[in-house]
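In numbering that gives the first Met the number 0, the protein residues as written are 0 to 311.
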Amino acid sequence: MKRFTFFGGKGGTGKTSCAAAYSLFLASKGVKTLVVSTDPAHSLADAFDKPIGFQTAQLGDRLWGIEIDAEVEARKYMKAVQDKMLDLVSAAIVDEIKRQIEIAYMSPGAEEAAIFDKFIELMESVGETYDAIVFDTAPTGHTLRLLTLPEILGAWIEHLIEKRKKAMDLMKLAARYDKPLAERIENDPIIKTLSARRDKFSLARRILTDPQESIFHFVLNAEKLPILETARAVELLGRHGIAVGGIVVNKVIPPEAGSFLEKRRLSQEQYLREIRTRFASMKIVELPLLDDDIQGMEQLGLLSPLMEDLGG
0 MKRFTFFGGK GGTGKTSCAA AYSLFLASKG VKTLVVSTDP AHSLADAFDK PIGFQTAQLG
60 DRLWGIEIDA EVEARKYMKA VQDKMLDLVS AAIVDEIKRQ IEIAYMSPGA EEAAIFDKFI
120 ELMESVGETY DAIVFDTAPT GHTLRLLTLP EILGAWIEHL IEKRKKAMDL MKLAARYDKP
180 LAERIENDPI IKTLSARRDK FSLARRILTD PQESIFHFVL NAEKLPILET ARAVELLGRH
240 GIAVGGIVVN KVIPPEAGSF LEKRRLSQEQ YLREIRTRFA SMKIVELPLL DDDIQGMEQL
300 GLLSPLMEDL GG
C-alpha cells in the first residue's frame with residue numbers, strides 16, 4: 000500500500016468522486032485513511048454529503064477528511080515567517096518587515112507555498128495518526144506547480160544558505176577578538192531556519208519521488224482534450240521523478256445505454272482504444288456513467304469496489 004495517493008486531472012472529470020471512493024475503499028480494508036482536498040473549489044463535503052471544514056472531521060470508521068483553505072494557510076504561513084523574522088532583525092525595521100510580508104502574501108505562489116507547508120505537516124502525521132492519505136487535488140496546472148515546489152524551492156533555499164555562509168565567513172574575520180559576536184555567528188539563527196526549511200523540502204521531495212511511498216492517478220473522460228492534457232501531465236511528472244500509477248476513465252457509457260447515446264458511446268470507444276494504447280504501461284480503471292450523481296456513503300460505496308484495481 001502506498002502511504003500517499005494523489006488524484007488529479009482536468010476540472011470536471013470526477014477527481015473528487017474517485018478520491019472519495021478510493022479513500023472509502025482503503026478504510027474498508029482496515030486502513031486508517033485521511034482524504035484531503037487541495038482544490039480551491041472544494042466539493043469533498045458534497046461527495047460524502049457530510050460537513051468537512053478546515054479542521055479534520057471523521058467521516059466514517061477509520062476515515063477522516065479535511066478541506067485545506069489556501070487563504071487561511073497562507074495567512075498562517077506568512078504570520079509564522081513574520082514572527083520568525085521579527086526575532087532576528089533590528090526594531091528599527093519592524094514596520095518595513097511587516098510591509099514586505101503583506102506584499103509577499105499577495106504575490107503569486109504564496110498560496111502554493113502555504114498549502115505545501117500543510118502538505119508536509121499532514122505527511123508527517125502518517126505512521127502516527129493515519130496509515131495513508133488520499134489527496135483530491137486541484138485541476139492539473141495548479142497541482143503540477145504544487146508538486147514541483149520542493150525541487151524548485153529546495154534549490155533556491157540551498158542558494159540562500161550558501162550566500163549566508165559566505166557572509167558569515169566574512170563576519171568571522173571581524174569577530175576574531177569579539178567572543179560574543181563569534182558565538183552568535185557560529186549559531187547563526189538564519190542559517191538554522193533556512194536549513195530546517197531545506198530539510199523539510201528534501202523530505203517532501205524524497206516522499207514524492209519514492210514510488211514505494213507515493214503514487215499519482217489521473218482521472219479523465221474518454222474525450223480528446225483530457226487525453227492530451229493527461230499525456231502532457233504524465234510526461235511532466237515523470238521529468239520530476241513522480242510516479243504515475245493509474246488512469247481512471249470516468250463516465251464510460253455502457254452498451255445498454257440505448258440508441259440516444261449510441262453515437263456518443265461509439266466516439267468514446269475510439270478514445271478508449273487510444274487511452275489503452277497511450278497509457279498501456281499503467282493500470283487503467285474504467286468507471287461507468289451512472290444514472291445518478293455520486294453523493295453520500297451509499298453511492299460512494301457502489302463506486303468504491305471498482306477502485307480496487309488501483310491497488311491499496
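Cβ coordinates follow ideal geometry from the N, Cα and C atoms, glycine included.
Computed from a prediction, not measured in an experiment: that's the story for all the values here.
DSSP three-state assignment for residue i, whether helix, strand or coil
i: I160; result: helix
i: G52; result: coil
i: D168; result: helix
i: F134; result: strand
i: I312; result: The first residue shown for the chain is 0 and the last is 311, placing residue 312 beyond what the model contains.
i: G140; result: helix
i: G126; result: coil
i: G240; result: coil
i: T320; result: The displayed coordinates of the chain run from 0 to 311. Any statement about residue 320 would go beyond what the structure contains.
i: D198; result: helix
i: D94; result: helix
i: D187; result: coil
i: T208; result: coil
Beta-ladder partner(s) of residue i, from DSSP
i: V218; result: V247
i: S213; result: F3
i: I65; result: V35
i: Q57; result: W63
Candidates the options, of which the one nearest residue i by Cα
i: K282; options: R144, E255, E261, G310; result: G310
i: I214; options: L33, V71, K165, V133; result: V133
i: D60; options: D45, S22, E268; result: S22
i: T32; options: P149, D130, L271, T192; result: D130
i: I65; options: E222, V34, G257; result: V34
i: D68; options: E111, T276, A79; result: E111
i: R205; options: E222, G8, H239, L193; result: H239
i: A44; options: T276, I119, M296; result: M296
i: E222; options: K28, R163, R263, P253; result: R263
i: K28; options: D48, L62, F6, Q269; result: L62
i: V30; options: G126, F118, G8; result: G126
i: R144; options: L121, K171, I114; result: I114
i: A79; options: A242, R275, T192; result: T192
i: V71; options: R98, D116, D94, K49; result: D116
i: L289; options: Y270, H216, E255; result: E255
i: A275; options: G11, N220, I119; result: Inspection of the sequence shows that residue 275 is occupied by Arg rather than by Ala. Ranking the options by Cα distance to R275, first place goes to N220.
i: S16; options: A46, G8, L25, M167; result: A46
i: I252; options: I119, I241, P50, Q267; result: Q267
i: A166; options: W155, T147, L152, I190; result: I190
i: D168; options: N186, I151, W155, G153; result: N186
i: F118; options: W155, L202, A26, F24; result: L202
i: Q294; options: D48, F5, F6; result: D48
i: K9; options: P149, T147, T142; result: T142
i: P287; options: L301, S194, S124; result: L301
i: V243; options: F259, L265, V218, Y270; result: V218
i: F278; options: L299, E234, I241; result: E234
i: L236; options: S194, L146, K171; result: L146
#### Entry: Residue ranges of each alpha helix (DSSP H) within the region 8–40, 4 or longer
Listed in chain order, the complete alpha helix (DSSP H) runs (minimum 4 residues) inside the region 8–40 are 14–27.
### Task
Answer yes if the region 134–152 comes into contact with the region 32–47, meaning at least three C-beta pairs across the two stretches below 8 Å, and no otherwise.
Verdict: yes, contact present.
### Query
Does the count of Cβ pairs from the region 41–56 and the region 150–159 closer than 8 Å reach three?
The region 41–56 is not in contact with the region 150–159.
### Query
Do the region 188–198 and the region 222–229 touch if we need at least three Cβ pairs shorter than 8 Å?
Touching, no, given that fewer than three Cβ pairs across the two stretches are closer than 8 Å.
### Message
Does the region 276–295 come into contact with the region 241–258, if we say contact requires no fewer than three beta-carbon pairs (one atom in each stretch) closer than 8 Å?
### Response
A contact exists between the region 276–295 and the region 241–258.
#### Entry: Every unbroken beta strand (DSSP E) inside the region 246–305 [3 residues or more]
Within the region 246–305, the complete beta strand (DSSP E) runs of at least 3 residues are 282–287.
### Message
Below 8 Å, how does it come out for the region 204–212 and the region 0–20: are there three or more Cβ pairs, yes or no?
### Response
These segments touch.
### Task
Would you check if the region 291–308 and the region 13–27 touch, i.e. whether three or more CB-CB distances between them fall below 8 Å?
Touching, yes.
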